[in-house]
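What follows is a set of notes on a single structure, which appears directly below.
Protein chains in written order, with my numbering: chain A, -4 to 246; chain B, -4 to 246.
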C-alpha cells in the first residue's frame, strides 16, 4: 500500500539545501517517483537542476511514515526552480507535467497530500497584487483535474531572510505574498499553511538551509495532521509493474 | 527552433559513466527536458538513479548540433536502469511516461531521433528467445503513438564485456540479444544499429565506461546520418512558456 505526496512550486520546494549538512533519514518506507515508477528515496528528491539538494518533503514523508505504519510513502517531485505563478497556469507545461506524473503515480498509489511552496518569483510590483487570485485558480485546478477534493493541500510562507537579497530587491515585497498565502489558506478548509518564522537561509538570502528545510517539512506535516481525515479508507492499487522487477534494477 | 531526441531503454542508455572521467562538452545549444521544459544540458542527463552519470546522448547531441547550425538540441531522458522489455510494454508505466514526456517536449520542439539501448535484462534463457518479437512491438508502438513514422530510430548492441559478469551469468547469452537487435534493424528501413565492437566497460562487467559511452553516442549519430532525411522541413513551434521565464530560474 503506497500513499503519495505531490510536491509543486519553485526552488524552495524542490530544495536547495547542501546535502552534506544533514544526513538522509534512514527509513526504507520512503520512495521517489522516477519515470513513473517508485525508487527507494535518494537525494536529490526533486532533480530539477544541477543545484537540487535537500528537500522539505524528506522530513514530511518521514513523519507521515511514522504516523502510518504498514504504509509506503512516495514523493512525486514536480517543483521547478525560479518559476512564477503564471508558469503554473492551467494547461501550461508545468501544470500538465505535474498532472501526468500524478496520473502515473496514482496507478500504484493514492495521493494523500499536496505540498506547495512558491511565490518568490511573484514578489515584483506588477505581480504581487494579483498573486492571491492566481494561486487560488492554480490550486483549485489541480484539485479538480486530479480529483483531490478531500486531500489536504499544504502551502508555506516565504522565508523572511529574502528581504536582504541585494540581487533581487523586489523580494522586499515578500510580506504581500505571505499575506496572500495566508488568505488563501484561511479561505479554504482543505488548505493549511506552514509558518516560516525563525527559519534561516543557506547564506544566499534566497534558499532555506538544510536544517530549516527539514524543520519546514515538519511544520508542513503538523499542518497536514490538522486537516487529515484519519478515517479515510485507502484502496489497495494493483502494482503490476513491480511484479516484473528484476534484480538488475538496482544498477 | 528546437530539435529533440527521445532516449529510452535501460541503464546503458541512461548512462552510468563516471562523471569525473570526461569533461562535459562545451556547447550552449544543448538542452535537457526537466518538468516538461528545457534546461541547459547538465549531468546527469537522465537522472533515473543516484548512480546516473555520463550518457551517450551527450556526444550524439553534440554531433547533431554541429551538423545542424542555428538549431537547439534537446534531450528527452526516459531511460530507466535495469528494465526489461516487458516493462516497456504498451500502456505500461515506462511506455506511458516516455509518451507523456515526448508530448510535452513536442509542444516546443520536433522529435528528430529516438535512441534505444536495452536488452541486458532480457538475456535470461526464458526471455532472449522472445526478445526480437517484443522489441518490434514496443518500437512500432512508440512510432505509432507519437507519429514518428519518418523519424530514425537508432538502437545499439550490448557490450560484449558483459559475458564476464559473475553476478549475472545469464548475460553470457548476450549474442542472442545482439542478433535480435540486428534483425530488427535489418527488417525496418527507419531503424539503424550502432555496433558495440571494441567498447569497454567501467570495471563492473556491466556498464560502458565514460569514454566508450561517448564513442557509442558518436556511432549512434553516424547511423542516424544514414537514415536522416536532409530535406525534412521542421516547423517552428510556439514557446509561450519561454516568454515568461524569469531571471530567478537559474536558481
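Beta carbons: idealized from backbone N, C-alpha and C, even for Gly.
- Pairing residue 74/A with residue 186/A gives a Cβ-Cβ distance that is not under 8 Å.
- Of all residues in the region 71 to 94 of chain A, only 73, 75, 76, 77, 78, 79, 81, 82, 87, 88, 89, 91 and 92 place a beta-carbon less than 7 Å from a beta-carbon of chain B.
- Burial check for residue 50/A: the Cβ neighbour count within 10 Å reaches 16 or more, so the residue is buried.
- For residue 195/B, the closest Cβ of chain A is not nearer than 8 Å.
- Check the Cα spacing between residue 139/A and each of 85/A, 76/A and 13/A: the tightest is with 85/A.
- With a contact defined as Cβ atoms closer than 8 Å, residue 114/B and residue 153/B qualify at about 5 Å.
- Residues of the region 10 to 31 of chain A with a C-beta less than 7 Å from any C-beta of chain B: 29, 30 and 31, listed in chain order.
- Taken through DSSP and simplified to helix, strand or coil, residue 147/A comes out as coil.
- In terms of Cα proximity to residue 232/A, the closest of 173/A, 142/A, 99/A and 196/A is 99/A.
- Going by beta carbons, residue 166/A and residue 150/A fall outside the 8 Å limit.
- Taking a cut-off of 8 Å on C-beta distances, the region 128 to 146 of chain A does not touch the region 39 to 54 of chain A, as fewer than three cross pairs fall below it.
- In the structure shown, the three-state DSSP call for residue 26/B is strand.
- Neighbours of residue 126/A in chain B, taken as residues at a C-beta separation under 7 Å, are lacking, since the least C-beta distance is about 14 Å.
- Closest option to residue 54/A, judged by alpha-carbon separation, among 65/A, 45/A and 69/A: 69/A.
- Exclusion of the five residues before and after residue 141/A leaves 97 as the residues of its chain whose Cβ lies within less than 6 Å of its Cβ.
- For residue 102/B, the chain A residues whose Cβ falls inside 8 Å of its Cβ are 88, in order along the chain.
- Between residue -3/A and residue 103/A, the C-beta spacing is below 8 Å.
- Following the DSSP letters along the chain, one finds residue 112/B inside the beta strand (DSSP E) bounded by residues 105 to 112.
- The C-beta of residue 210/A has 16 or more other C-beta atoms within 10 Å across all chains shown, which makes the residue buried.
- Within the region 43 to 69 of chain B, those residues whose Cβ lies closer than 8 Å to any Cβ of chain A are, in chain order, 43, 44, 45 and 46.
- Comparing alpha carbon positions, the residue from 197/B, 58/B and 198/B closest to residue 217/B is 58/B.
- Secondary structure of residue 183/B (DSSP, three-state): coil.
- Nearest C-alpha to residue 16/B among 31/B, 22/B, 48/B and 228/B: 48/B.
- In this structure, DSSP gives residue 219/B a helical state, which the three-state scheme calls helix.
- Secondary structure of residue 64/B (DSSP, three-state): coil.
- The straight-line gap separating the alpha-carbon atoms of residue 95/A and residue 28/B is approximately 15 Å.
- In the DSSP assignment, residue -2/B is bridged to 68/B and 105/B.
- In chain order, 45 make up the part of chain B whose C-beta sits under 7 Å from the C-beta of residue 37/A.
- Put simply, the CB of residue 99/A is near chain B, with a gap under 8 Å to one of its CB atoms.
- Here the C-alpha atom of residue 32/A lies approximately 31 Å from the C-alpha atom of residue 183/B.
- Among the residues facing chain B, residue 214/A is not included, as its CB has no counterpart in that chain under 8 Å away.
- For residue 124/A, no alpha helix (DSSP H) run applies, since DSSP gives it neither H nor E.
- When only Cα atoms are considered, residue 88/A and residue 106/A end up about 21 Å apart.
- Annotation for residue 9/B: the continuous alpha helix (DSSP H) segment containing it runs 6 to 9.
- For residue 34/B, the enclosing beta strand (DSSP E) starts and ends at 32 to 35.
- Within the region 154 to 214 of chain A, the complete alpha helix (DSSP H) segments of 4 residues or longer fall at 169 to 181, listed in chain order.
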